[in-house]
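Using the working numbering, the letters of the sequence shown map in sequence onto residues 4 to 266. Backbone N, C-alpha and C fix where the C-beta goes; we use that ideal spot for every residue, glycine too.
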Amino acid sequence: MQSCIYEGYITHQRYGPIKHRFAYRIYLGYLDLAELPQIVGSDRLISDRRFAATSFDATDMGWGQGDDLLGQVRRFLSNSAHIEFDGPVRLLSPFRHFGYYFSPLNLYFCYQVDGRTLQTIVVEVNNTPWGERHWYVLDDVEFATAQTIMQSEHAKQFHVSPFMPMGLQYRWRVSAPNESLSVGIDCLDGAKRLFSARMSLRRRPLDRPCLRRLSWRYPLASGRTTAAIYFQALQLWLRRCPFYPHPRNARTQNTRPTETALH
Numbered sequence: 004m005q006s007c008i009y010e011g012y013i014t015h016q017r018y019g020p021i022k023h024r025f026a027y028r029i030y031l032g033y034l035d036l037a038e039l040p041q042i043v044g045s046d047r048l049i050s051d052r053r054f055a056a057t058s059f060d061a062t063d064m065g066w067g068q069g070d071d072l073l074g075q076v077r078r079f080l081s082n083s084a085h086i087e088f089d090g091p092v093r094l095l096s097p098f099r100h101f102g103y104y105f106s107p108l109n110l111y112f113c114y115q116v117d118g119r120t121l122q123t124i125v126v127e128v129n130n131t132p133w134g135e136r137h138w139y140v141l142d143d144v145e146f147a148t149a150q151t152i153m154q155s156e157h158a159k160q161f162h163v164s165p166f167m168p169m170g171l172q173y174r175w176r177v178s179a180p181n182e183s184l185s186v187g188i189d190c191l192d193g194a195k196r197l198f199s200a201r202m203s204l205r206r207r208p209l210d211r212p213c214l215r216r217l218s219w220r221y222p223l224a225s226g227r228t229t230a231a232i233y234f235q236a237l238q239l240w241l242r243r244c245p246f247y248p249h250p251r252n253a254r255t256q257n258t259r260p261t262e263t264a265l266h
């Protein structure tokens with residue numbers, strides 16, 4: 004089984020005009036979409052009941068086309084990035100807890116048919132309180148042979164934080180998932196780095212003892228993430244960090260509104 008858990012730390016750091024840093028522990032599911040029928044269900048490792056203590060619901064991912072995540076990711080890559088592939092897709096995402104789900108960032112690791120060669124990554128970004136999603140495709144030609152760190156840079160196309168302007172560049176560094184997994188993003192204004200976020204994770208088994216331990220260690224994990232977002236935003240506001248309203252006309256073909264996370 005390729006599905007597992009990743010546990011570790013996430014760190015955010017702002018370099019100006021208001022310097023700010025925080026870090027906290029997280030855990031995320033790493034789910035092979037072809038394995039979902041074997042691991043998600045009423046009598047499986049992960050519940051499919053939306054109000055269970057820990058559950059997974061494919062409709063939380065926001066594609067809006069049913070629960071065939073594997074087919075939806077393949078169609079998205081074909082239509083939006085002209086990438087055709089038939090290999091496995093493995094999703095890095097938190098679980099739903101007691102009916103609540105929110106994730107600022109989900110990653111779809113798209114592999115070639117051999118299941119070992121990482122071809123590309125689809126990044127799903129969610130904002131709050133506007134309830135929108137946007138997808139980016141990370142493509143690194145050199146990574147296809149090196150299989151160490153995927154690097155990609157592209158323009159920011161989606162409003163996430165009211166304390167960060169549009170018109171910036173994102174620079175990604177993502178390792179191939181193995182015993183460890185690292186995800187890094189820098190937000191650049193020309194050559195100047197304004198913000199960075201890092202996830203440093205270690206692989207854990209996807210089994211009942213591990214899920215029980217993590218449920219006790221990280222109660223209401225999705226809710227804690229949302230609370231942390233607003234708590235950190237309040238600190239920036241109190242410190243008079245420059246504020247940038249939502250650019251209502253900035254949606255692209257890869258942006259769509261989403262339903263509420265609790266339903």
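(message) Suppose contacts are defined by Cβ-Cβ distances below 7 Å. Is Leu108 in contact with Val128 by that definition?
(response) Result yes, Cβ atoms of Leu108 and Val128 sit closer than 7 Å.
(request) Could you tell me which uninterrupted beta strand (DSSP E) segments, each at least 3 residues in length, are contained entirely in the stretch 125-194, listed from first to last along the chain? (result) Complete beta strand (DSSP E) runs here, min 3: 135-141, 152-158, 172-178 and 183-192.
(message) With three or more beta-carbon pairs closer than 8 Å as the criterion, would you say the stretch 224-240 touches the stretch 196-216?
(response) As far as the Cβ criterion goes, the stretch 224-240 does not touch the stretch 196-216, which means the pair count is below three.
(request) Output yes or no for whether 7 Å exceeds the beta carbon distance between Val92 and Leu73. (result) Going by C-beta atoms, Val92 is nearer than 7 Å to Leu73.
(message) On the criterion of 16 or more Cβ atoms from any shown chain inside 10 Å, does Met4 qualify as buried, or is it exposed?
(response) With fewer than 16 other Cβ atoms within 10 Å, it is exposed.
(message) Within the continuous alpha helix (DSSP H) that includes Thr229, where are the two ends?
(response) Counted as a single uninterrupted DSSP element, the alpha helix (DSSP H) harbouring Thr229 occupies residues Ala224 to Leu241.
(request) Could you check what DSSP says for Gly32 in three-state terms: helix, strand or coil? (result) DSSP places Gly32 within a strand segment (E or B) once states are collapsed to three.
(message) What does the alpha-carbon distance come out to for the pair Arg24 and Arg17?
(response) Approximately 6 Å, taken between the alpha carbons.
(message) Using the Cβ count rule (16 or more neighbours within 10 Å means buried), how would you classify Ser45?
(response) It counts as exposed.
(message) Quick check on the DSSP output: the alpha helix (DSSP H) that includes Gly11 runs from which residue to which?
(response) Premise fails: Gly11 lies in the beta strand (DSSP E), Cys7 to Arg17, not in any alpha helix (DSSP H).
(request) Give the secondary structure of Met64 by DSSP, where H, G and I count as helix, E and B as strand, and everything else as coil. (result) Note: Met64 maps to helix in three-state DSSP.
(message) For a quick check, are the C-beta atoms of His157 and Pro250 less than 7 Å apart?
(response) Remark: C-beta atoms of His157 and Pro250 do not approach each other more closely than 7 Å.
(message) Using a 10 Å radius around the Cβ and a threshold of 16 neighbouring Cβ atoms, would you call Arg78 buried or exposed?
(response) That one is exposed.
(request) Express the C-alpha separation of Tyr33 and Leu95 in angstroms, rounding to a whole number. (result) Looking at the backbone, the Cα of Leu95 and that of Tyr33 are separated by about 5 Å.
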